[in-house]
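In our numbering, the protein residues as written are 422 to 561. Have a look at the structure below, then the notes.
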């Protein structure tokens with residue numbers, strides 16, 4: 422997206438003649454994204470971290486419920502429910518996440534490890550997505 426504003430040598434903001442409606446629309450879009458109580462210092466920090474390669478967008482958060490269709494060669498139909506316990510980040514990608522699966526028999530839990538690439542193949546954020554994949558015959 423092309424920048425609409427510039428700064429004068431004294432630091433004051435400037436916009437091109439005739440572009441005020443576009444500048445206002447752009448600001449409205451940014452405020453719609455940021456919400457009512459945004460923090461520009463935090464936004465700057467996140468943008469700098471992203472440009473620096475220090476940001477990772479996780480597919481979900483620790484504690485979230487996920488549905489698993491396969492683990493270690495075994496397919497689960499219907500999908501089994503699990504909860505994300507941790508993420509491990511290495512270099513520029515999430516290389517490991519652990520989902521704790523509460524077994525149907527109620528005797529405890531078992532942890533399975535997945536990579537980020539497992540999302541949409543063996544690990545799903547909704548039971549509907551997991552069931553649709555199983556119905557399509559795809560195996561992770």
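Cβ atoms here follow ideal geometry from the backbone N, Cα and C, with glycine treated the same way. From a predicted model like this one, the values you see are computed outputs, not experimental measurements.
The region 445–459 and the region 486–501 do not touch, with fewer than 3 CB-CB distances between them shorter than 8 Å.
The Cβ neighbour count for residue 500, taken over all protein chains shown within 10 Å, is at least 16; the residue is labelled buried. Separation of residue 505 and residue 472 (C-alpha to C-alpha, rounded to the nearest whole angstrom) is 28 Å. Exclusion of the five residues before and after residue 459 leaves 452 as the residues of its chain whose Cβ lies within less than 8 Å of its Cβ. In this structure, the straight-line span from the alpha carbon of residue 497 to that of residue 489 is close to 7 Å. Within 10 angstroms of the beta-carbon of residue 483 lie fewer than 16 other beta-carbons, which makes it exposed. The C-alpha of residue 556 is placed about 43 Å away from the C-alpha of residue 457.
Distances from the CA of residue 540 to each of 479, 507 and 510 were compared; the closest alpha carbon is that of 479. Taken through DSSP and simplified to helix, strand or coil, residue 443 comes out as helix.
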